[in-house]
Structure formats: structure tokens, C-alpha cells
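J.: Counting with this note's numbering, you get residues 1009 to 1298 for the letters of the sequence shown. This is the structure I want to talk about, given as C-alpha cells.
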Amino acid sequence: MKITSIFEKKTVFSFEVFPPKKTSPIESVYGALEELQQLKPDFISVTLGAGGSGNGENTIAVAKRLREKHGILPMAHLPCIHYTKAQIDVILEDFRANGIENILALRGDLVPDLVPSEDFRHASDLIEYIMSKGDFDIAAACYPEGHTEAPNMDIDIEYLKRKVDAGASHLISQLFFDNEAFYNFRWRAERAGIHVPIEAGIMPVTSRKQIERMVSMCGASLPRKFTRIIQKYENNPEALRDAGIAYAIDQIVDLLAEGVDGIHLYTMNNPYVAKRISEAVSGIIRTGDK
Ligand code: FAD
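And the structure:
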């Protein structure tokens, strides 16, 4: 089943998980998958480290298990910046052989010490290539506050349009903590002629270290309400976790009220947090059905 078709019927609610590193057994995520399945998301996406930094096989194994054991629609991430066309051909063949037809096509972040691909410079190159290779449903990433390398938002949105024109039929956003930034981005994307569904990426913050790492990677701005929470509860992990969950729920309720196409929850493989958020918003997502 193609994920794009779900947006026609309802507000989509999806999760993101990461596979275990090469050094850990694949079984180490089985418990989390089992618990996440019970929350009945519309699909679960599985990350893949750029540069084949290790877990391509595990990405496929996790996606396959989601589909076969749990009956959950999987989406496999695919970053291209360190792959040749021949390597992408092999991966696409593996996807096909394992019943994976939904792909999040990405450039990926450059891995120092690895030479960038001659074949793929941007996600749009990969999207075009996958489109030429058969019947996959392709999503792409978008950045409500602009990608960190983009000179400005207008140029970033121009390149985003290229990804959609190349064949991306829905978008998943980078995490953000300021809903106004998302609404502004959505409006600008619409004005630029981007009319595919856009899922809002929500990351519940559960530790100070996590937020520092995420913000330094993606440059998300932090509203005052959010930094006050971090400052107040940074030394009380349980309180910070509860406040982080409450903040994410608040964001989601507001997004649903504003008619967002979907919510993509970065679960960090933490079913407890995903469960509390899912339970809090499930009634609203149901009533928000299209
Ligand atoms: P692109 O769309 O190629 O954009 C990258 C930069 O180049 C932007 O600044 C853009 O403005 C510019 N650009 C785009 N097209 C062109 C063009 N034609 N000419 C000139 N400039 C252009 N990374 C992983 O390694 N593995 C994952 O599993 C993963 N999952 C992710 C999931 C989500 C939802 C998101 C939002 C990101 C994810 N990432 C992942 C991170 C992502 O790979 C990085 O953010 C990366 O830096 C950009 O990827 P992209 O696909 O958006 O790149």
C-alpha cells in the first residue's frame, strides 16, 4: 500500500524508529516495535545512516518485520550522498524483494572521510532516479526553518519544489518547537506551488542532552515557553520528561486544529513516550478525520 493514498482519507499519524547499530543485535529493537505496533500508527519509518554508516541491512530487516510480523506499513529512509547508482540499484532491489514500496528519499549528511557520490548530489537526483526504476511511493524531507546549508528560505523552498516536481508525493518535516514557524513555511510552500501533503515532525524532548544535540544539528529555534521548561526541570529527569511530553501534545493539538496533513512522531525508539502522546491525541486525530 502506498502511503500517499492514506492522506486522501485521514489525518496521518506516523512514527519514526532507528535500527540497531551494526554492533547490536537486531533483536534489541523487537520489544519497542511490538509496543509501538499496539498504538496503531498509519506507518512507521525506519532511518538509514548516510554513507552506509552501517545499518542498511538492519533498516530493511526492521521494515520487513514491521510489515510481516506486525502488519504495519513500513517506510525505509534512503540517503544517497555516498552511494553510486549501482549501489542504489541493489538497495532498491532489496526493498522490492522485502515488500518495501515506500521510501523517504534523502541526500543525507556528508560523512567526513567519505567521498561524495558522483551520481547523486541532492535528494532530487535520487527521487528522479527512483522514479525511473519502478513503482515506489516517494516522500522527501522539508525544513520549516530552512535547511542549515540553504542561503535563505526562498531558495530552500525552490529546491523543495524540485523534489516534488521530480516525484515526491508527500513531505515530512524536520523537527520544530515553534508551530508558527511551521505555519509560515506551509504557507510559503503553498505559494511556491507545492501542493502535496506535509507531515509535521514532532520530537518530544525528554532530556537536556538530547535537545542540545538535536538543536545543534538542525538549528530549530526554541520558543521562550520551551526554554523555560528546560531550565526549570533540567535536573529532574522525570519532570523534564513529563514536561517534554506535555509540550509535544500541546504542539500536536494546535497543529491538528490548524488542519495539518499529518503528524510524524520521532519516537527515539521510546514506546513509553509514544504511548502517552498517542493516547492523549488519539480522540482528536479521529475526530479530525477527513
Ligand atoms: P536536499 O534536498 O538535497 O537538500 C540539501 C541542501 O541542498 C539544502 O540546503 C537544499 O536547499 C540544497 N539543495 C537541494 N536541492 C538542490 C539543488 N538541486 N541544487 C542546489 N542545492 C540544492 N539523514 C540520514 O542520513 N538518514 C536518515 O534516515 C535521515 N532521516 C531524515 C528524516 C527526516 C524527516 C529529515 C527531515 C531528515 C532526515 N535525515 C536523515 C537528515 C537529512 O539527510 C539531512 O537533513 C541532509 O542534510 C539533507 O537531506 P535532504 O534530503 O533534505 O537534502
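Backbone N, C-alpha and C fix where the C-beta goes; we use that ideal spot for every residue, glycine too. Computed from a predicted structure; not experimentally measured.
What's the gap between the Cα of V1020 and the Cα of R1073?
T.: Taking the straight line from one Cα to the other gives about 21 Å.
J.: Quick one: is the Cβ of L1248 within less than 7 Å of any heavy atom of ligand 1?
T.: Checking the Cβ of L1248 against ligand 1 gives no.
J.: Give me the Cβ distance between E1207 and I1271, rounded to the nearest whole Å; I'm assuming they're in contact under 8 Å.
T.: So it is a contact: roughly 7 Å between Cβ atoms.
J.: Taking the DSSP output, what are the residues bridged to Y1274?
T.: E1024.
J.: By DSSP's criteria, E1207 is part of a beta bridge. Which residues make up the other side?
T.: E1207 pairs with I1180, G1270.
J.: At the level of alpha carbons, what is the spacing between G1039 and P1087?
T.: Using only the alpha carbons, I get a separation of about 26 Å.
J.: Exposed or buried, K1171, counting other C-beta atoms within 10 Å across all chains shown (16 or more means buried)?
T.: The residue in question, K1171, is buried, as its Cβ has 16 or more Cβ neighbours within 10 Å.
J.: Looking at ligand 1, does it come within less than 7 Å of E1157, judged from the CB to the closest heavy atom?
T.: Answer for E1157: yes, Cβ within range of ligand 1.
J.: Excluding the 5 residues flanking N1187 on each side, which residues of the same chain have their C-beta closer than 7 Å to its C-beta?
T.: Taken in chain order, the residues that qualify are Q1259, D1262, L1263.
J.: Can we count K1171 as close to ligand 3, meaning its CB is less than 7 Å from some heavy atom?
T.: Ligand 3 is absent from the structure shown, which contains only ligand 1.
J.: Residues in its own chain within less than 6 Å of A1247 by CB, not counting five upstream and five downstream?
T.: Taken in chain order, the residues that qualify are Y1241.
J.: Using C-beta distances below 6 Å, list every residue in its chain close to S1177, excluding the 5 sequence neighbours before and after it, in chain order.
T.: Only T1012, V1204 meet the Cβ criterion.
J.: Whose C-alpha, out of I1238, A1113, E1136, is nearest the C-alpha of A1254?
T.: Of I1238, A1113, E1136, the residue nearest in Cα terms is I1238.
J.: Closest by CA to I1080, which one among G1107, F1144, E1101, A1058?
T.: It is G1107.
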